[in-house]
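**Student:**
Number of protein chains: 4
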Amino acid sequence: MDYGSALEQIREAIRAQRDEGRVAGYIPELAQVQPDQFGMSVVTLEGQVHSVGQAQVRFSIQSISKLFALVLALQSEGDEVWTRVGREPSGSPFNSLVQLEHEEGKPRNPFINAGALVITDILCSRFAVPENAVAEFLQKACRNPAVHYNERVARSERMHCDRNAAMAYFMKSFGNLRNPVEKVLDAYCRQCAIEMNCEELASAVMFLANGGRVPWSGEVVLGSSMTKRLSALMLTCGTYEAAGDFAFRVGLPAKSGVGGGIVAVIPGECGICVWSPRLDEAGNSSAGSAALELLTTLTGRSVF
Amino acid sequence: MDYGSALEQIREAIRAQRDEGRVAGYIPELAQVQPDQFGMSVVTLEGQVHSVGQAQVRFSIQSISKLFALVLALQSEGDEVWTRVGREPSGSPFNSLVQLEHEEGKPRNPFINAGALVITDILCSRFAVPENAVAEFLQKACRNPAVHYNERVARSERMHCDRNAAMAYFMKSFGNLRNPVEKVLDAYCRQCAIEMNCEELASAVMFLANGGRVPWSGEVVLGSSMTKRLSALMLTCGTYEAAGDFAFRVGLPAKSGVGGGIVAVIPGECGICVWSPRLDEAGNSSAGSAALELLTTLTGRSVF
Amino acid sequence: MDYGSALEQIREAIRAQRDEGRVAGYIPELAQVQPDQFGMSVVTLEGQVHSVGQAQVRFSIQSISKLFALVLALQSEGDEVWTRVGREPSGSPFNSLVQLEHEEGKPRNPFINAGALVITDILCSRFAVPENAVAEFLQKACRNPAVHYNERVARSERMHCDRNAAMAYFMKSFGNLRNPVEKVLDAYCRQCAIEMNCEELASAVMFLANGGRVPWSGEVVLGSSMTKRLSALMLTCGTYEAAGDFAFRVGLPAKSGVGGGIVAVIPGECGICVWSPRLDEAGNSSAGSAALELLTTLTGRSVF
Amino acid sequence: MDYGSALEQIREAIRAQRDEGRVAGYIPELAQVQPDQFGMSVVTLEGQVHSVGQAQVRFSIQSISKLFALVLALQSEGDEVWTRVGREPSGSPFNSLVQLEHEEGKPRNPFINAGALVITDILCSRFAVPENAVAEFLQKACRNPAVHYNERVARSERMHCDRNAAMAYFMKSFGNLRNPVEKVLDAYCRQCAIEMNCEELASAVMFLANGGRVPWSGEVVLGSSMTKRLSALMLTCGTYEAAGDFAFRVGLPAKSGVGGGIVAVIPGECGICVWSPRLDEAGNSSAGSAALELLTTLTGRSVF
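Chains as they are written, first to last, in the working numbering: chain A, 1 to 304; chain B, 1001 to 1304; chain C, 2001 to 2304; chain D, 3001 to 3304.
1) In the structure shown, what three-state DSSP assignment does methionine 40(A) receive?
2) Kindly give me the distance between the Cβ atoms of isoleucine 3064(D) and glutamate 3195(D), rounded to whole angstroms, as I take these residues to be in contact under 8 Å.
3) At a Cβ threshold of 9 Å, is valine 2274(C) touching chain D?
4) On a Cα-Cα basis, can you pick out the residue from Glu1269(B), Ala1282(B), Asn1284(B), Val1303(B) that is closest to tyrosine 1003(B)?
5) Let me know the secondary structure DSSP gives lysine 3255(D) once reduced to three states.
6) Taking the DSSP output, what are the residues bridged to phenylalanine 3059(D)?
7) Am I right that alanine 1209(B) and tyrosine 1149(B) are in contact with their C-beta atoms under 8 Å? What's the rounded C-beta distance?
8) With 9 Å as the threshold, decide whether the Cβ of tyrosine 3169(D) is near any Cβ in chain A.
9) For glutamine 2099(C), count neighbouring C-beta atoms within 10 Å of its own C-beta (all shown protein chains included) and say buried if the count is 16 or more, exposed if not.
10) Using the DSSP secondary-structure output, state which residues sit across from serine 2285(C) in a beta bridge.
11) Using C-beta distances below 7 Å, list every residue in its chain close to arginine 3058(D), excluding the 5 sequence neighbours before and after it, in chain order.
12) Taking CB distances under 9 Å as the criterion, tell me whether aspartate 2172(C) reaches chain B.
13) Is there at least one Cβ from chain B nearer than 9 Å to phenylalanine 248(A)'s Cβ?
14) On a CA-only basis, which of Leu3279(D), Glu3103(D), Val3205(D), Glu3200(D) is nearest threonine 3239(D)? Give me that one, please.
15) DSSP three-state call for alanine 1128(B): helix, strand or coil?
16) Could you check whether the Cβ of aspartate 2162(C) sits closer than 9 Å to any Cβ belonging to chain B?
17) Indicate whether the contact test is met: 3 or more Cβ pairs, each with one atom in the stretch 1261-1277 of chain B and one in the stretch 1034-1046 of chain B, closer than 8 Å.
18) Less than 9 Å between the beta carbons of phenylalanine 246(A) and serine 1231(B), yes or no?
19) Enumerated in chain order, which unbroken segments of the alpha helix (DSSP H) with a length of 4 residues or greater are wholly contained in the stretch 1109-1180 of chain B?
20) If distances are taken between C-alpha atoms only, which option among Ala3013(D), Asn3164(D), Pro3107(D), Ala3135(D) comes closest to leucine 3201(D)?
21) Check whether the Cβ atoms of valine 214(A) and alanine 154(A) sit closer than 9 Å, and answer yes or no.
22) Going by Cα to Cα distance, which pick from Gln54(A), Glu29(A), Ala31(A), Leu30(A) is closest to alanine 41(A)?
23) Thinking just about the alpha-carbon of each residue, which of Met3171(D), Lys3255(D), Phe3127(D) is nearest to the one in glutamate 3077(D)?
24) Could you list which residues in chain B have their beta carbon closer than 8 Å to that of asparagine 109(A), in chain order?
25) Where does serine 1090(B) fall in DSSP's three states?
26) Looking at C-alpha atoms only, which residue of Leu2185(C), Met2171(C), Asn2176(C), Asn2144(C) is the closest neighbour of arginine 2158(C)?
27) Cβ closer than 7 Å: which chain B residues qualify as neighbours of glutamate 104(A)?
28) Within 10 angstroms of the Cβ of arginine 3229(D), are there 16 or more other Cβ atoms? Answer buried if so, exposed if not.
29) Express the C-alpha separation of methionine 234(A) and alanine 133(A) in angstroms, rounding to a whole number.
30) Is glycine 2115(C) near serine 2285(C), with beta carbons less than 9 Å apart?
31) With burial defined as no fewer than 16 other Cβ atoms inside 10 Å of the residue's Cβ, what is the status of arginine 1975(C): buried or exposed?
32) CB of serine 3217(D) to nearest heavy atom of the ligand ATP: below 8 Å?
33) Would you mind stating whether glycine 260(A) and methionine 171(A) have Cβ atoms separated by less than 9 Å?
34) Which term fits serine 1173(B), buried or exposed, when burial requires 16 or more other beta carbons within 10 angstroms of its beta carbon?
35) Inspect the beta-carbon positions of threonine 2236(C) and glycine 3244(D) and report whether they are closer than 9 Å.
36) Around the C-beta of glutamate 2131(C), are 16 or more other C-beta atoms found within 10 angstroms, so that it is buried, or is it exposed?
Structural data, given as structure tokens:
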């Protein structure tokens, strides 16, 4: 089935499930989002854009920003990044801190909060205003200079990040954070508060489906080997502690955020973004996961 | 580059690394294996067999047997299997028992020892002699009725499995083991002691590259959706606690064993087996991992 | 206040609390005990016996047996015992197995199950029938040759000890269990199934209040220094994970069991036993703990 | 043996051991202390002062301050304190954070760092300058208005407290810290940097040996029941993760600090302080522990 027909069918099928799960409630700004929204976009390497639902409504990208922050860190540090953060799934979250202790302050991967804080620390050493560097990367990647973080959301995140502060100080005690904790948290909260819509995010991840090159400009974001590796990392670690289950059901490299967005790629074919605010227990969009599972079922495409 | 040329080049490249790592030493039978052996086979769906090195020498398949035991369990129980064992990577081994406690006796996935013991327990409920069921499956899958377990190795394993006994009793205390622990351990140790060579194992996993069908007979081992899911599970959980790193470097669904073997598949193309007894710290064949990484680099094939 | 008056007052005060907590239910034999029973005995070094309630009714001593098994092990091995088991409180039970793993199979103290299994293993190496050795020690210590284990209770325990089997095999995998697991578990379950009453147990611990000597015979059970040390161990580790709270409230060296019994000593003064089957969340007798707290309040006696 | 003779004998005996262990090195100010010093004081309730060695040399009391901070918190909040901090030994330090997570931000006892931070938070809510409140309590308790914290040491501690900051933010994320983390850490580091000598500290703990009353003034610091309970807490939790072993060997309520000081009490008899900078692996003074063990052996006094 082609992508356009598949999206239409997904829109219908998902209608019944849109009330499963709960919107992220740890900050008021996220809790107030109208919960039953749903949007999805597929942008093919040939340039076709297929969208359904609220694909033009911007939402808080949250942890999806970790993907782009990592790309910037890899561009500037290359494989040195892996001396400070691992590449293994993190297991269940109940033992995140004990794992961090056992592994002496080296987080398991760059997509858990601890790992993303280290990546932001790397960006803090490299860029004067790291959150702007992430935003600028995204402006270029989706060809829209209006992409920015929401300062009100960022401030609210910053006031509710005691646990991230705990992890940051803990890693600092092991020497794995170089900049002041306050500065890293500022940048981290702002990068999480970037707002984009499905079409923009589907465009922004296309280079991952295209061997590291932006299709319309030919610009090399990452080398082809590093691009494949990053896709592997998304598959094994991109959707919190449900990554195994997500790979099992969906079979695509993906990265999710608690704003309800999930980006994914089909190598050689397209960039994808789905958004719906209600989350399952692992923190991934309920309707979004179901939509992606249906997409791979209907089109017969997955990496396996 | 075609598979034949790639294998030749791998054979040369690997020569320099063959002395990295150490042979598994927990039982004398494995410790006595001549350590510098290396063999590799690729069997394409069209039936071409490419082999280099000691691809006809049989070795102890060990944990690779977990893959085939799981296939049998899925054939007989379907998705019911997942009520007793999870589908998530297990994190680092240091907390395997605490995770098992936290998750009330449900192992994280069928490829860690705890999960494989549950799968064997399922087979014990279904088959009179479960180890024979696994062996018979493999005889058919590789068209060689001579495939069998080595009784001497099995007995030695059985005498050195106190930790597996601990996990089995622990899961039994949560009600997640139905047969007597002694019986499950007997079957488990025998299935681990099955001996095969690279060509046989590369043939035996071809159905995974072919949507669940045995290419030469057309027999359906698993449905195509379940086959993709099993591949996803191999990618996220198939190589012990190094699965994330393995996916990152190699990018293929794979399952390894401490006998030094690793099976892998390229969906739509071929079954692969590599063998070399020296292991890295995670328990995967050192030369085997390097060979697979080189194969995906030289041929440009991976799932990403 | 003298002990006799204190016991009378305790009997009255405890009436209101006798229905707090729940009887141990993991084996039918313990679950069937009539729950509202209460007995208490104080036996002074001068030989006075003060008892109230069902102080002559025998009950299953369960973990109280760990105290006497340890005494036998110390008699035969002396301080060598501490090379195989520690002397530290165990923290919360949720991480007992991870602690055992972290500390490479050496249990934290001889009063948690893992530690008691090591002590029983020591007795298995020393005595032909270790459970009889414990029973004989108790027969002499309380001057009643009728003290014995209940075979029916022992068998039932043996059928419900998967978790103890898990710990035993786990320690065996570290080399800290020398005898066959089955033999150790047999002896362990039988020693737990010994039945005694409050007067017998209060007598049996008198040597601990008397510098290691049995008061009526002068027999030296342990040296005075070792006796003090054993009392310290009871104070810090004798009442499961509530030992800190128990020391805080009661302030006496004590050892409890899930049969509802608690033994305690006031150094230089008396042996004490209280019994009431309902347990609090930590597994200590609810009414028994309250009674001991009241005893130290009313008499002004505690070690502090 | 009387205390005076015992101290003389201890001084001789300890000479041979004074080079065991290592001085705390995590801040330069502590690392620079001349390591082979030794002082010890016993102050009886009758007012006799027995001292040997460098009993008049002031040292950094460090974690001994946790005892006095707790006394102030108990004076102002009574048993409400126990709603925010537990009374159980903490097990081995390797899992301190996971325990804190498991117990939802409630530290196991007020003598581990996490618990002491909560106590300091309580003092921050009660006193304008909590570190001064602790110092003033000590000035009165030892009748010396010159007792104060060393600002240079406090500043150095403050610059090396990332792990304490991590724990403070972690507890704040559970709602168990009410004041700003920065303020709590300032007060905490200053209270740890208070400097006293053996005679002053032995005097300062005398109320604990005297049912809660200051012997020379009759002032009631704590009620007699609370005093006994605090002694019990010192016995089970006062010497880091070695509390069980310390109770086993010494048998006295005690509190140690990484400055090399240990205070202890013999109920009804005396206050004790010993100081020697070299620490064992658990962070307790090596010579200090040996001296206290010898004291109880020579005098026959312990709580057991």
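For every residue, glycine included, the Cβ atom is placed at its ideal position computed from N, Cα and C.
**Tutor:** To lay it out plainly:
1) Working through the first sequence from its first residue, we reach residue 40(A) at position 40. Residue state, collapsed to three classes: strand.
2) Here residue 3064(D) refers to the residue found at position 64 when the fourth sequence is read from its first residue. Here residue 3195(D) refers to the residue found at position 195 when the fourth sequence is read from its first residue. That belief does not hold up - the Cβ atoms of isoleucine 3064(D) and glutamate 3195(D) are roughly 11 Å apart, past 8 Å.
3) Taking the third sequence and counting its residues from 1, one reaches residue 2274(C) at position 274. Not closer than 9 Å to any Cβ of chain D, the Cβ of valine 2274(C) fails to qualify, so no.
4) Residue mapping note: residue 1003(B) aligns to position 3 of the second sequence, counting from 1. Nearest C-alpha to tyrosine 1003(B): Glu1269(B).
5) Counted from its first residue, the fourth sequence places residue 3255(D) at position 255. In the structure shown, the three-state DSSP call for lysine 3255(D) is strand.
6) If you number the fourth sequence from 1, residue 3059(D) lands on position 59. According to DSSP, phenylalanine 3059(D) bridges with Met3196(D).
7) Looking up residue 1209(B) in the second sequence gives position 209. Looking up residue 1149(B) in the second sequence gives position 149. At roughly 26 Å, the Cβ-Cβ gap does not stay under 8 Å, so alanine 1209(B) and tyrosine 1149(B) are not in contact.
8) Translated into the one-based positions of the fourth sequence, residue 3169(D) becomes position 169. Tyrosine 3169(D) counts as touching chain A.
9) Taking the third sequence and counting its residues from 1, one reaches residue 2099(C) at position 99. It counts as buried.
10) Here the question's residue 2285(C) lines up with position 285 in the third sequence. Per DSSP, Leu2279(C).
11) Counting from 1 along the fourth sequence, the entry for residue 3058(D) is found at position 58. The answer, listed in chain order, is Glu3195, Met3196, Asn3197.
12) Stepping through the third sequence from its first residue, residue 2172(C) is reached at position 172. The displayed chain sequence assigns lysine, not aspartate, to residue 2172(C). It does: the Cβ of lysine 2172(C) has a partner Cβ on chain B nearer than 9 Å.
13) As a first step, residue 248(A) is located in the first sequence; it is residue number 248 there, counting from the start. Interface residue, yes.
14) For this step, residue 3239(D) is matched to residue 239 along the fourth sequence. The option with the nearest alpha carbon to threonine 3239(D) is Leu3279(D).
15) Taking the first residue of the second sequence as 1, we reach residue 1128(B) at position 128. In the structure shown, alanine 1128(B) sits in coil (DSSP, three-state: anything other than H, G, I, E or B).
16) Here residue 2162(C) corresponds to residue number 162 of the third sequence, with the count starting at 1. Judged by the 9 Å Cβ criterion, aspartate 2162(C) is in contact with chain B.
17) yes
18) Working through the first sequence from its first residue, we reach residue 246(A) at position 246. Working through the second sequence from its first residue, we reach residue 1231(B) at position 231. Not a contact, by the Cβ cut-off of 9 Å.
19) 1113-1126, 1130-1141, 1151-1159, 1162-1173
20) Stepping through the fourth sequence from its first residue, residue 3201(D) is reached at position 201. The candidate whose alpha carbon is nearest that of leucine 3201(D) is Ala3135(D).
21) For the purposes of this step, residue 214(A) is taken as the residue at position 214 of the first sequence. For the purposes of this step, residue 154(A) is taken as the residue at position 154 of the first sequence. Against a cut-off of 9 Å, the Cβ pair of alanine 154(A) and valine 214(A) comes out as no contact.
22) Against the first sequence, residue 41(A) aligns to sequence position 41. First, the residue type needs correcting, since residue 41(A) is serine and not alanine in the sequence shown. With distances taken between Cα atoms, serine 41(A) lies closest to Gln54(A).
23) Taking the first residue of the fourth sequence as 1, we reach residue 3077(D) at position 77. Per the Cα distances, Phe3127(D).
24) Residue numbering aside, residue 109(A) sits at position 109 when the first sequence is read from its first letter. Gly1244, listed in chain order.
25) If you number the second sequence from 1, residue 1090(B) lands on position 90. Here serine 1090(B) sits in coil by DSSP.
26) On the third sequence, residue 2158(C) is found 158 positions in, with the first residue counted as 1. The residue with the shortest Cα to Cα distance from arginine 2158(C) is Leu2185(C).
27) Here residue 104(A) is taken as the residue at index 104 of the first sequence, counted from 1. Per Cβ cutoff of 7 Å: no residues; glutamate 104(A) is ~12 Å from chain B at best.
28) For the purposes of this step, residue 3229(D) is taken as residue 229 along the fourth sequence, with counting starting at 1. Buried, since its Cβ has 16 or more Cβ neighbours within 10 Å.
29) For this step, residue 133(A) is matched to residue 133 along the first sequence. For this step, residue 234(A) is matched to residue 234 along the first sequence. Roughly 22 Å separates the two Cα atoms.
30) Counted from its first residue, the third sequence places residue 2115(C) at position 115. Counted from its first residue, the third sequence places residue 2285(C) at position 285. No, the Cβ-Cβ distance between glycine 2115(C) and serine 2285(C) is not below 9 Å.
31) As shown, chain C starts at 2001 and ends at 2304. That puts residue 1975(C) outside it, with no answer to give.
32) Annotation note on the ligand ATP: not contained in the displayed structure, which lists no ligands.
33) In the first sequence, the residue the question calls residue 260(A) occupies position 260. In the first sequence, the residue the question calls residue 171(A) occupies position 171. Contact: no.
34) Sequence index remark: in the second sequence, residue 1173(B) carries index 173 (1-based). The C-beta of serine 1173(B) has 16 or more other C-beta atoms within 10 Å across all chains shown, which makes the residue buried.
35) Residue mapping note: residue 2236(C) aligns to position 236 of the third sequence, counting from 1. Residue mapping note: residue 3244(D) aligns to position 244 of the fourth sequence, counting from 1. In contact: threonine 2236(C) and glycine 3244(D) (Cβ atoms closer than 9 Å).
36) As a working note, residue 2131(C) is residue 131 in the third sequence. The residue in question, glutamate 2131(C), is buried, as its Cβ has 16 or more Cβ neighbours within 10 Å.
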